[in-house]
Amino acid sequence: MADDKQHIENEVIDAILEKPITLTIDGRFFYIYQPSLGISLLTGQLLQEVKVNSHLYATNKLAEMYRICETQHDLVLRIVALYTFSHRSDAIKEESVQARIDELKTLDAAELATLVTVIFEWETRQDKFIKHYQLDREKRTREKIAMAKKNKGNNLTFGGRSMYGTIIDTACERYGWEVGYVLWGVSLINLNMLLSDSVQSVFLTKEEIKEAHISIDGVYLDARDPKNLREIQRLIKGK
Numbered sequence: 473m474a475d476d477k478q479h480i481e482n483e484v485i486d487a488i489l490e491k492p493i494t495l496t497i498d499g500r501f502f503y504i505y506q507p508s509l510g511i512s513l514l515t516g517q518l519l520q521e522v523k524v525n526s527h528l529y530a531t532n533k534l535a536e537m538y539r540i541c542e543t544q545h546d547l548v549l550r551i552v553a554l555y556t557f558s559h560r561s562d563a564i565k566e567e568s569v570q571a572r573i574d575e576l577k578t579l580d581a582a583e584l585a586t587l588v589t590v591i592f593e594w595e596t597r598q599d600k601f602i603k604h605y606q607l608d609r610e611k612r613t614r615e616k617i618a619m620a621k622k623n624k625g626n627n628l629t630f631g632g633r634s635m636y637g638t639i640i641d642t643a644c645e646r647y648g649w650e651v652g653y654v655l656w657g658v659s660l661i662n663l664n665m666l667l668s669d670s671v672q673s674v675f676l677t678k679e680e681i682k683e684a685h686i687s688i689d690g691v692y693l694d695a696r697d698p699k700n701l702r703e704i705q706r707l708i709k710g711k
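Take the sequence shown: its position 46, counted from the start at 1, is 518 in this note's numbering, and no numbers get skipped.
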């Protein structure tokens, strides 16, 4: 358990530093970058097209990636090529992408499989971090608080129906970034973790605390259970 925790902490450090993978082909150095939001949008559909056998992947990731690299070679090359770009000017130009694909063709299936395995793991790293820091629990608590306040008629919220509002506008407003920087200047994992783990304080009345069914002093009680009613009243009154 301690080793798993340390492993995740090391992965967090790599993510914060946006540490790339170094690749050498015929004496030339290439870097596989942790994807920005822009790269993630470009590769998202391609990754969905990769036909992964979930059973084989769970049993032996590298072997399944090797099979994919042999059966879907062109698709995999395009995905890896896009991950070697960190600038918009290169990633959106088909001639640049095709030139990089031609350079990567010298990789054998085993080398390509190793890279694709890392790329797939990067795609799931955010969920791992969120669970590690229990941010999923905090998100549920925030949703309960938002609902409690909404029911009181104190706040009206508009927007946030697409990526424009939930990610791009939020990051621009909070950090003073330009849209281009949000898309290409920071890795998606860092962007999402910044937004997920940002420090926020919300004032709640005693009535809103009760309605949200949230913890008080770290004690969690289900307010819908009549057996907990007396204890909840005691906690709210501070007795």
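Backbone N, C-alpha and C fix where the C-beta goes; we use that ideal spot for every residue, glycine too.
Leu489 is classed as exposed because its beta carbon has fewer than 16 other beta carbons within 10 Å across all chains shown.
Taking C-beta separations shorter than 6 angstroms and ignoring five residues to either side along the sequence, the partners of Phe502 in its chain run Leu495, Thr556, following chain order.
Residue ranges of uninterrupted alpha helix (DSSP H) with 4 or more members, entirely inside the region 586-659 and ordered along the chain, are 607-623, 642-647, 651-656. One thing to note: Arg560 has its Cβ no nearer than 9 angstroms to the Cβ of Gly516. Ala530 sits exposed, since fewer than 16 C-beta atoms from the chains shown fall within 10 Å of its C-beta.
Taking all protein chains shown into account, Met537 has 16 or more neighbouring C-beta atoms within 10 Å of its C-beta and is therefore buried. Per DSSP, reduced to three states, the secondary structure at Thr496 is strand. Taking a 10 Å sphere around the C-beta of Ala553, we find 16 or more other C-beta atoms and assign the residue as buried. Around the beta-carbon of Ile497, fewer than 16 other beta-carbon atoms lie within 10 Å, marking it exposed.
Looking at the DSSP output, Phe502 shares a beta bridge with Leu495. In terms of Cα proximity to Ile480, the closest of His604, Lys533, Ser512, Asp580 is His604. When rounded, the separation of the alpha-carbon atoms in Ser508 and Asn525 is 27 angstroms.
One alpha carbon belongs to Leu514, the other to Glu679, and they sit about 47 angstroms apart. For Leu518, same chain residues with a beta-carbon under 7 angstroms away, outside a window of 5 residues either side, are Leu547, Arg550, Ile551 in chain order. Taking the Cα positions, Arg633 is about 12 angstroms away from Ile640. Val588 sits buried, since 16 or more C-beta atoms from the chains shown fall within 10 Å of its C-beta. Exclusion of the five residues before and after Asp669 leaves Tyr605, Leu607 as the residues of its chain whose Cβ lies within less than 7 angstroms of its Cβ.
When Phe630, Arg609, Tyr636, Glu595 are compared, the shortest CA-CA separation from Asn662 is found for Glu595. No residue range can be given for His559, since it is assigned to no alpha helix (DSSP H) and is classified by DSSP as neither H nor E. Residue state for Ser670 is assigned as coil, using DSSP reduced to three classes. The secondary-structure analysis by DSSP pairs Ser508 across a beta bridge with Ser659.
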